[in-house]
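Numbering (our numbering) for the sequence shown: 57 to 409.
So the structure is just underneath, and the comments pick up after that.
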Amino acid sequence: MEALFRKLSSLSATIILILLSAIFVVLFMYAKPAIKEYGLHFIIDPRWDVTVQLPAKNKPADNASAQSVQNNTTNSTASNAAIPQDSDDIGNIPTDSDDIGNIPQDNDNIAIPEDNDLGGMGSSNTKTIYGGLIPIVGTILSTVLAMVFAVPIAMGISIFLAEIAPPFISKPVGIAIELLAAIPSIIYGMWGLFYFGPLIADIFGGQSVSLLVAGMVLAVMIIPFMASLTRDSMNTTPNVLKESAYAMGATKFEVIKDVIFPYAKKGIIGSIILALGRALGETMAVAFVIGGVFSFPHKLTDPTVSIPVVLANNFAESSGMSLSALFYLALILFIISFAVISFAKFYFLRDKK
């Protein structure tokens, strides 16, 4: 039984690693054409789906084709110039000058195509440019804004529920917090679009869909998640530690600052990092309120776009290089999220050592 338990546990861990590797491989394979085409410059290029004109490139065969046309014209002119002089042979040849206008008399009358007119050879062509800088910046800015709003509010809620509120208040409020964490993100997005966004626009000016509204809606989404995990971490603090601090004359603030926070530090930081990962990958709520505009936000009330929003809005109708560029963006988002989780794992391992 013990051996079976070990094998099942190892198999579960192996499946997770296989899934993670498979996701990365699929993203990389589909993003490979865009990676080859744009390289790392994709990360710093602000253009998306922009068509640019490339300079014409004349092939060596163009000049040869033009020379061949000119030689054929010269030979044709020479042949036509040899008009027979015998009266018996010229019966069918018009003698009136008005009737022989179609007979080439001079090479100057032959319209020889120029290099750029030979069947489109050498003409300018176009290229569509895709860059991910604006979605990357929008993702980072909206996530940072969400964390700025969410962390202090979530910490305050956790402290109130764990240490200040009486049981008849902390229990129902705690249940309400957990229910808020389970609400689908699309509901938050609709609420932000039709009510919260116009309210913020009336207060701060600007548009009802903007970077500020997206950051605040994201904060509202992750506050219940973060507050619930932080409260559970604070509740793990042994009562004997708190009672000892109170017995030594410590105040409530000092007990929270010097006893509870140090003891629950790993759990608190873990909840913050998990909430950060959720904010980075949020799609539907942000798609409703960020604006979906490919431009840098010069102020918080300007609309912009994020990586998940670009993927959701363009994936169904993309093909070719456009689809590969979307996979490139998805790969970048995957790497960012993986880096956040790796940082959290590094932090926990460092503390254990």
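Note that the Cβ used here is the ideal one computed from N, Cα and C, for glycine as well.
Note that this is a predicted model, so its numbers are computed, not measured.
G194 and V311 look like a contact to me (Cβ under 8 Å); what is the Cβ gap, rounded to whole Å?
The pair is not a contact, with the Cβ atoms about 41 Å apart (cut-off 8 Å).
Within the present structure, is the beta-carbon of S300 separated from the nearest heavy atom of the ligand FMN by less than 6 Å?
Among the ligands in the structure shown, none appear at all, so the ligand FMN cannot be discussed.
On the CB-based measure, 16 or more other CB atoms within 10 Å of its CB, does I243 come out buried or exposed?
exposed
Determine, using beta-carbon pairs with one atom in the stretch 250-261 and one in the stretch 305-322, whether at least three such pairs fall under 8 Å.
no
Around the Cβ of G348, are there at least 16 other Cβ atoms within 10 angstroms (buried) or fewer (exposed)?
buried
Could you check what DSSP says for G95 in three-state terms: helix, strand or coil?
coil
Roughly how far, in whole angstroms, is the beta-carbon of A210 from the beta-carbon of A283, given that I think they are within contact range, below 8 Å?
4 Å
C-beta contact flag for F383 and L201 at 7 Å:
no
Residues of its chain near V315, where Cβ-Cβ distance is below 8 Å and the 5 sequence neighbours each way are ignored:
Cβ neighbours of V315 beyond the five flanking positions: T293, L297, K298, A301, A306.
Going by beta carbon distance, what residues of the same chain come within less than 7 Å of G261, once the five residues before and after it are set aside?
Cβ within range, chain order: T357.
Under the three-state DSSP convention, the category G347 falls into:
strand
Starting from T184, follow the beta strand (DSSP E) in both directions and report where the run begins and ends.
181-186
Can you tell me the Cβ-Cβ gap for V229 and A221, rounded? I've got them flagged as a contact below 8 Å.
7 Å
Span separating the alpha-carbon of L387 from that of A59:
38 Å
Please say whether R103 and I233 have beta carbons closer to each other than 7 Å?
no
Along the chain, where does the beta strand (DSSP E) containing T107 start, and where does it finish?
Counting along the chain, the beta strand (DSSP E) containing T107 begins and ends at 104-110.
How far does the alpha helix (DSSP H) with E338 in it extend, from its first residue to its last?
Neither: E338 is in no alpha helix (DSSP H) and is coded neither H nor E.
Where do the ends of the alpha helix (DSSP H) carrying V366 lie?
363-370
Could you name the residues of the same chain whose beta carbon sits closer than 7 Å to that of A332, not counting the 5 residues immediately before and after it, in chain order?
Reading off the sequence shown, one finds Leu at residue 332, where the question assumed Ala. Around L332: T199, M203, V396.
What is the rounded straight-line gap between the Cα of Q263 and the Cα of H97?
32 Å
Looking at L267: is its Cβ nearer than 7 Å to the Cβ of P353?
yes
Between the Cα of G212 and the Cα atoms of P280, F61, K92, R62, which residue gives the shortest distance?
Of P280, F61, K92, R62, the residue nearest in Cα terms is P280.
Quick one: give me the first and last residue of the alpha helix (DSSP H) that Y304 is part of.
Residue identity differs from the one stated: residue 304 is Met in this sequence, not Tyr. Segment: none, M304 is in no alpha helix (DSSP H) and carries neither H nor E.
Alpha carbon to alpha carbon, what distance is there between D105 and D288?
Approximately 47 Å between the Cα atoms of the pair.
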